[in-house]
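In this text, residue positions in the sequence shown follow our numbering: the first is -17, and each later residue adds one.
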Amino acid sequence: MFWMKDLFLHHVNLPYEAISITVSFLSQCTLNFLELFILYQCRSLNNNSFSGRIPTSIGRLSNLYWLDLAENQLDGPIPVSDGNTPGLDMLVKAKHFHLEKRKFSGEIPSKHFSSNMVLKHLLLSNNVLTGNIPETLGSVTPLEVIRFIRNSLSGPVPSNLNNLVNVGKLYLSNNKLSGPIPNLTGMNTLQYVDMSNNSFDESDFPPWISSLKYLTTISLRVIGF
-17 MFWMKDLFLH HVNLPYEAIS ITVSFLSQCT LNFLELFILY QCRSLNNNSF
33 SGRIPTSIGR LSNLYWLDLA ENQLDGPIPV SDGNTPGLDM LVKAKHFHLE
83 KRKFSGEIPS KHFSSNMVLK HLLLSNNVLT GNIPETLGSV TPLEVIRFIR
133 NSLSGPVPSN LNNLVNVGKL YLSNNKLSGP IPNLTGMNTL QYVDMSNNSF
183 DESDFPPWIS SLKYLTTISL RVIGF
């Protein structure tokens, strides 16, 4: 794949194929007007055998709106910008980040989120992410689906997630979250919430649940109850 570095690519489309390569070659490509992998036709590179780290150069894809790298062999931290180095936080037009079932590690970067993002789906389940859920996540008000299942996230759930009034599905199960069960009254369109298998403080069933008129399913089974 070293020949790729000499190409001046406008489009790359490789969806749903059994491709086994290392994605680091992309950082050596000169990509113009960049519709990489998944643009406009909502195509993706999920369920392949890509290995290595997410190239930071993806952060330069200013028109990218759907990033789906789930079910590959990718690992390492989620890249964010730093000085002259781009990162995924620069993808403010992206509506979908699907990065599940991989080996992404380290903390979810607080810099990854900002109020000028239009992100709707944030899927980070089945990785090895650690640390707290960043408070900056509460500034991404267009969010509709948050899925962080089966990581090692710890600490309390940020109270400002209550600002995410468009979230309909919230999946935080099978982590190490602690502190009080968060009050989600502000998520008035919430339909499904799963915070089971964490280490929240023991408490009575939260009374605020009755105020969520669209809620159909809730799971709060707490480790140690």
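We put the beta carbon where it would ideally sit given N, CA and C, even for glycine.
Asked	Found
Alpha carbon to alpha carbon, how far is S160 from V139?	8 Å
Spatial neighbours of N148 within its chain, please: CB distance less than 7 Å, with the 5 preceding and 5 following residues excluded, ordered by chain position.	T123, P124, L125, E126, T171
So the candidates are R132, S181, I200; which of them puts its Cα closest to the Cα of W190?	I200
If the criterion is Cβ atoms closer than 8 Å, does the pair G88 and T38 meet it?	no
Suppose you measure from the CA of M(-14) to the CA of I36; what does that come to, to the nearest Å?	Confidence in M(-14) is poor, its pLDDT being 45 and thus under 50, which makes the residue's placement too unreliable to answer from.
Would you say E117 and N142 are within 8 Å of each other, going by their C-beta atoms?	yes
Taking only beta-carbon positions, decide if S134 is within less than 8 Å of chain D.	Any reference to chain D falls outside this structure, which holds one protein chain only.
Considering T112, what are the terminal residues of the beta strand (DSSP E) in which it resides?	110 to 113
V175 bridges to which residues according to DSSP?	L152, I200
Should I90 and S107 be called a contact, given that it needs their Cβ atoms to be closer than 8 Å?	no
Using the rule of at least 16 other Cβ atoms within 10 Å of the residue's Cβ for burial, across every protein chain shown, is R203 buried or exposed?	exposed
Whose CA, out of G120, N114, S136, lies closest to the CA of F95?	G120
On the DSSP letters alone, give me the boundaries of the beta strand (DSSP E) that G137 sits inside.	134 to 137
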